[in-house]
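In what follows, a single structure is set out as structure tokens and then discussed.
Chains as they are written, first to last, in the numbering used here: chain W, 1 to 313; chain D, 1 to 313.
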């Protein structure tokens, strides 16, 4: 049901998942497929999760872009509370989620049909969310997608880990750093494409979640939640974003090279708002030329976000 | 007022034009800055165009992403009729517009600070239009942006013009062709990223508008209008899109190589609608991995668009 075609002009794969056109679209809360199944529900009436309660649930996407043995598409439900959000999870639940991500990265990454494990969350109708129940997704691409390929190219261009180099620059500059713990740094990057883009990066060179200590996983979950709390505080509203975790590719033979060019775990947030009321659109320059034009300097955005994070406590 | 920064992880320039945050945003029609200046308007009250009537007007963008001598940003107003659109222009006006584009390509392309001339139109609030008066824009980038760089890379990968090769494939397949004249072909590309993406391509290898005959320019304008008429017919509403014209880079030294790897004039339409009511969002996969997931097969989209173009007459 899913088909890949190579787009020659862009040099990239495009995926056609035509059954997805009919996927569930913003159902009312009584028909949420990610809520637990109420006791007494007649057979056939279950939600996607046939249990009366749960903490974190992972399952194959019913409307998948990729299917075994040609990749994977999974849903990760953060909570059985329909009105929760990543930011509202208890610190313990967020930490558990980091362990779930780690488990899925390992299991999917070991599959021969998965070359890249991509853990992400779309939040808000502004980025096309079709289910409000708090959840993220995982795609197991059967190829290396363009963005991680660009990160590999950056490492090769520099001859060393580009993320390590950028992190050192951010720590030296300081003006865009939002959060700084022993293991994790969050900052608005020097050349942010989105007005309030944030990267959350492991301080040490960690190729993936598998290389992180338990303490680092806890710090990562904590840093991600702090950023989301700051976002929600910034315009005093639930803040839409795409959250994208970049890790080492998992294609066989794509393991670490002597130069350490294996990837460096970091999470990128792309929020579509340029102000409380206005969206940043991807229009002519971004789509047709590939160049982002931003109205906001990263240092100014960092100053605003830093204050919002403090206010959010 | 404009600043460029190199985004190391993506390998691309990002442009900060911070004065643009305050640009005119969807003014009511009485305050449209692209309408002609009414006779009797007191000094200082003129619109951007200090004439009581005009056909096509070109001027520097008041809120530019690029400024001389570090590139260019121009506005091209299609008509003094506030309620016109590219599709509603007379064939003669559309043809004249192609000559204006050609003139601007030549003049901007000759400047040493312009490496790539990008002619485009954003139509509809769905792609972030801030002025409804019918107009397009031209950016003169002081660098080669990522998308044309990918097209150059495609030519190099194939060792010949990728657009020529794709066009031959489309003509052989036939199933996605929408319009076919002596000089210009329009089709939904084999690996379209957007549900109703259309490419309008010169049949002969023409690096830019400067290489086109008068007849080819007329056919190009005609083909573009037919596509837009079909779009507007498809869902019986003004159809939003980004229209992006790709031509040869203009950096000194980027002229044609022996292999003819100089570019091939074509116009790409990216419409954000996946159905009459639903937008195609760029979310996790598109933004974080760079891979487009589409719900619609290009052949199906082409069949719908072909019928709409016939209905539109």
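Every residue, glycine too, gets a C-beta built ideally from N, C-alpha and C. Being a predicted model, the structure only gives us computed values, none of them experimental.
Sheet register partners of residue i (DSSP bridge)
i	result
residue 7 of chain W	W:12
residue 268 of chain D	D:199 and D:244
residue 121 of chain D	D:243
residue 95 of chain D	None, per the DSSP bridge assignment.
residue 285 of chain D	Beta-bridge pairing links residue 285 of chain D to no other residue.
residue 137 of chain D	D:75 and D:120
residue 17 of chain W	W:2
residue 179 of chain W	W:186
residue 36 of chain W	W:49
residue 293 of chain D	W:15
residue 57 of chain D	D:77
residue 279 of chain W	W:273
Assumed close pair residue i, residue j - CB separation to whole angstroms, cut-off 8 Å
i	j	result
residue 145 of chain D	residue 291 of chain W	4 Å
residue 48 of chain W	residue 59 of chain W	6 Å
residue 62 of chain W	residue 210 of chain W	So it is not a contact: roughly 28 Å between Cβ atoms.
residue 302 of chain D	residue 187 of chain D	7 Å
residue 242 of chain D	residue 143 of chain D	With 8 Å as the limit, residue 242 of chain D and residue 143 of chain D do not qualify as a contact, their Cβ atoms being about 20 Å apart.
residue 206 of chain W	residue 265 of chain W	5 Å
residue 244 of chain D	residue 267 of chain D	7 Å
Under 7 Å by beta carbon: chain W residues contacting residue i
i	result
residue 145 of chain D	289, 290 and 291
residue 150 of chain D	9, 10 and 11
residue 5 of chain D	190 and 191
residue 310 of chain D	What residue 310 of chain D touches in chain W: nothing, since even the nearest Cβ is about 24 Å away.
Closest by C-alpha distance to residue i, when choosing among the options
i	options	result
residue 94 of chain D	D:225, D:11 and D:110	D:225
residue 271 of chain D	D:240, D:252 and D:300	D:240
residue 152 of chain D	W:269, W:244 and W:11	W:11
residue 278 of chain W	W:194, W:43, W:227 and W:313	W:194
residue 155 of chain D	W:7, W:125, W:218 and W:312	W:7
residue 79 of chain D	D:73, D:55 and D:72	D:55
residue 178 of chain W	W:102, W:161, W:231 and W:264	W:231
residue 18 of chain D	D:4, D:26 and D:112	D:4
residue 174 of chain D	D:161, D:189, D:183 and D:160	D:189
residue 281 of chain W	D:46, D:52, D:130 and D:180	D:130
residue 98 of chain D	D:26, D:139, D:309 and D:220	D:220
residue 337 of chain W	W:45, W:164 and W:196	This structure cannot speak to residue 337 of chain W, because chain W is shown only from 1 to 313.
residue 216 of chain W	W:201, W:137 and W:2	W:201
residue 122 of chain W	W:247, W:138 and W:65	W:138
residue 315 of chain D	D:161, D:87, D:249 and D:263	The requested residue 315 of chain D is not part of the displayed model; chain D covers only 1 to 313.
residue 64 of chain D	D:31, D:170 and D:23	D:23
residue 76 of chain W	W:168, W:35, W:214 and W:164	W:35
residue 30 of chain D	D:149, D:46 and D:250	D:46
residue 181 of chain D	D:25, D:204, D:166 and D:39	D:204
residue 234 of chain W	W:274, W:250 and W:133	W:274
residue 73 of chain W	W:103, W:118, W:33 and W:250	W:118
residue 114 of chain W	W:296, W:238, W:249 and W:304	W:249
residue 247 of chain W	W:300, W:223 and W:161	W:161
Proximity test, residue i beta-carbon vs the ligand SAH heavy atom, cut-off 7 Å
i	result
residue 56 of chain D	For the ligand SAH, the structure offers nothing, since it holds no ligand at all.
Contacts that residue i makes with chain D (C-beta to C-beta distance below 7 Å)
i	result
residue 295 of chain W	17, 18, 20 and 21
residue 118 of chain W	288 and 289
residue 281 of chain W	127 and 128
residue 137 of chain W	284
Neighbouring residues, chain D, relative to residue i (Cβ below 8 Å)
i	result
residue 105 of chain W	Residues of chain D passing the Cβ test: none, with the nearest at roughly 14 Å.
residue 65 of chain W	285 and 293
residue 114 of chain W	Correct list: empty, because the minimum Cβ distance to chain D is about 13 Å.
Contact list for residue i against chain D, beta-carbon separation under 9 Å
i	result
residue 268 of chain W	9, 287 and 288
residue 61 of chain W	Within 9 Å Cβ-Cβ: nothing; residue 61 of chain W doesn't reach chain D, min ~11 Å.
residue 198 of chain W	Per Cβ cutoff of 9 Å: no residues; residue 198 of chain W is ~13 Å from chain D at best.
Proximal residues of chain W, C-beta to C-beta of residue i below 9 Å
i	result
residue 78 of chain D	By Cβ distance, chain W contributes nothing, its closest Cβ being about 15 Å from residue 78 of chain D, past 9 Å.
residue 153 of chain D	11
residue 100 of chain D	Residues of chain W passing the Cβ test: none, with the nearest at roughly 17 Å.
residue 141 of chain D	285, 289 and 291
Amino acids of chain W, ordered along the chain, whose beta-carbon sits closer than 8 Å to that of residue i
i	result
residue 58 of chain D	Correct list: empty, because the minimum Cβ distance to chain W is about 16 Å.
residue 75 of chain D	Per Cβ cutoff of 8 Å: no residues; residue 75 of chain D is ~12 Å from chain W at best.
At a CB distance below 9 Å, what residues from the stretch 240-255 of chain W approach chain D? Give them in sequence order.
For chain D, the residues of the stretch 240-255 of chain W that bring a beta carbon within less than 9 Å of one of its beta carbons are 242, 243, 244, 245 and 246, in chain order.
Interface residues of the stretch 219-241 of chain W facing chain D [CB-CB below 9 Å]
Taking 9 Å as the upper bound on Cβ-Cβ separation, chain D lies near no residue of the stretch 219-241 of chain W.
When you check each C-beta in the stretch 158-191 of chain D against every C-beta of chain W, which residues fall closer than 8 Å?
Hits within the stretch, in order: 158, 162, 163, 165, 166, 189, 190 and 191.
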